[in-house]
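The structure under discussion appears below in the form of structure tokens.
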Amino acid sequence: MRLDRFYRTRTSPSLSFEFFPPKTEAGEVRFWEAYRALAALGPDFVSITYGAGGSTRERTERIVVEIAREGAITPVAHLTCIGASEESLAALLGRYAEAGVVNILALRGDLPADDPAALAGPFRHATDLIRFIRARDGFAIACATYPEGHPESPHGPEDDARYLKLKQDLGACVAITQYFFNNDDYFRFVELAASMGVTIPIVPGIMPIRDFDQIARFSAQCGASIPEWLAARFAPVRGDAEAMEQLGIEIAIRQCEALLAGGAPGLHFYTLNRAHMSRAIVQALGLHARDRA
Ligand SMILES: Cc1cc2nc3c(=O)[nH]c(=O)nc-3n(C[C@H](O)[C@H](O)[C@H](O)COP(=O)(O)OP(=O)(O)OC[C@H]3O[C@@H](n4cnc5c(N)ncnc54)[C@H](O)[C@@H]3O)c2cc1C
Numbered sequence: 000m001r002l003d004r005f006y007r008t009r010t011s012p013s014l015s016f017e018f019f020p021p022k023t024e025a026g027e028v029r030f031w032e033a034y035r036a037l038a039a040l041g042p043d044f045v046s047i048t049y050g051a052g053g054s055t056r057e058r059t060e061r062i063v064v065e066i067a068r069e070g071a072i073t074p075v076a077h078l079t080c081i082g083a084s085e086e087s088l089a090a091l092l093g094r095y096a097e098a099g100v101v102n103i104l105a106l107r108g109d110l111p112a113d114d115p116a117a118l119a120g121p122f123r124h125a126t127d128l129i130r131f132i133r134a135r136d137g138f139a140i141a142c143a144t145y146p147e148g149h150p151e152s153p154h155g156p157e158d159d160a161r162y163l164k165l166k167q168d169l170g171a172c173v174a175i176t177q178y179f180f181n182n183d184d185y186f187r188f189v190e191l192a193a194s195m196g197v198t199i200p201i202v203p204g205i206m207p208i209r210d211f212d213q214i215a216r217f218s219a220q221c222g223a224s225i226p227e228w229l230a231a232r233f234a235p236v237r238g239d240a241e242a243m244e245q246l247g248i249e250i251a252i253r254q255c256e257a258l259l260a261g262g263a264p265g266l267h268f269y270t271l272n273r274a275h276m277s278r279a280i281v282q283a284l285g286l287h288a289r290d291r292a
């Protein structure tokens, strides 16, 4: 399945799950368990992160190619470009093409604080990578976007909507958002992007909250805000892992219902390599393959 054709012809909301490549043998076992449990729900695709959170890049390639070889679910390979050489990216894309991997989520990646030389490379933004991939035949390109504005965007969502239009013009066929907890931010962003000529689907990224404090810390870095109502709902269950997970599931179900009711073109779940919460949410929404067929 190619993402560009898929999103041109889909008749129901897309369903996708994001994983990171495992770092240890135990992590590898957990990854495949989570992958198989979620693959059983019949997602349209799964995506595998690249170099995020300290994971090595070879692992992304190995996992993506293994999923492609199995043939059950379409893999989307995340690819970051900051600090990379044209040669290394061309070689990786060549290997993906040979393995039948045709869908790439093109990203800049986070700026390396300890390696200023990375900024001197040929790739400064995801747009440079999209242009680079587009110059090669055979790939469908997805990109990232930020309903609340990327932390580096001086004018907030305005900047990200403008660059999303550029990403579309350069060849991206779908955008996946950073996670957010206030649906109004998403709907406002979709409207803003549409007013600038963005027509590609903007698929909301969903982060089910399993550990509120951890998410609050991470959100401060990646520019997702934590609404007061969310903190207030979690306050009584902090320290109770099971209650927190149950509440995280309930909140995500309500969020997803409202997103779909408002016309979101699909749902992309940040699974953190755990199946339980995403599966419970998808089943409650009746979004698994049988219901979407
Ligand atoms: C769905 C999703 C998946 C992700 N997967 C990964 C992953 O696998 N690995 C990983 O390391 N990170 C991942 N990230 C994080 C991402 O790499 C960081 O958020 C990074 O800081 C920005 O990447 P980007 O592709 O959005 O960059 P860009 O689109 O380049 O945006 C970065 C900043 O530059 C601005 N900008 C964009 N284009 C231009 C331009 N042409 N000229 C001037 N300014 C511009 C933007 O407004 C923004 O402020 C992911 C993020 C999302 C939302």
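0 is the number of the first residue of the sequence shown in numbering that gives the first Met the number 0; add one for each residue after it. Note that CB positions come from ideal geometry on N, CA and C, so glycine has one too.
Residue i: beta carbon under 7 Å from a heavy atom of ligand 1?
i, result
"A139", "no"
"Y95", "no"
"S152", "yes"
"D109", "yes"
"H77", "yes"
"G120", "no"
"A219", "no"
"T270", "no"
"I175", "yes"
"E50", "With the sequence shown as reference, residue 50 is identified as Gly, and Glu is not the correct amino acid for it. Correct: G50 has its Cβ closer than 7 Å to ligand 1."
"G82", "no"
"A143", "yes"
"T55", "no"
"L104", "yes"
In chain order, what residues of the same chain lie with their CB nearer than 7 Å to the CB of residue i, ignoring the 5 residues before and after it?
i, result
"A16", "It should be noted that the sequence gives Phe, not Ala, for residue 16. Excluding sequence neighbours, F16 sits near L37, P42, V45, F268, T270, S277."
"R1", "V101, N102, A139"
"F179", "P146, E147, Y185, A223"
"G137", "A96, V101"
"R161", "M195"
"G108", "G50, T79, C80, I81"
Assuming residue i contacts residue j under a Cβ cut-off of 8 Å, what Cβ separation, rounded to an integer in Å, is found between them?
i, j, result
"E60", "L88", "Wrong, their Cβ atoms sit about 12 Å apart, outside the cutoff."
"R133", "L169", "6 Å"
"P20", "R58", "4 Å"
"A83", "F122", "6 Å"
Within a Cβ cutoff of 8 Å, which residues of the same chain sit near residue i, ignoring the five residues on either side of it in sequence?
i, result
"R237", "F211, D212, M243"
With DSSP collapsed to three states, give me the class of residue i.
i, result
"Y6", "helix"
"I199", "coil"
"P21", "coil"
"T144", "strand"
"T79", "strand"
"T176", "strand"
"L91", "helix"
"G99", "coil"
Once you ignore the five residues that flank residue i on each side, which residues in its own chain have a CB closer than 6 Å to its CB?
i, result
"G99", "A67"
"A283", "I252"
Examine chain C for any beta-carbon lying closer than 8 Å to the beta-carbon of residue i, and answer yes or no.
i, result
"R232", "Any reference to chain C falls outside this structure, which holds one protein chain only."
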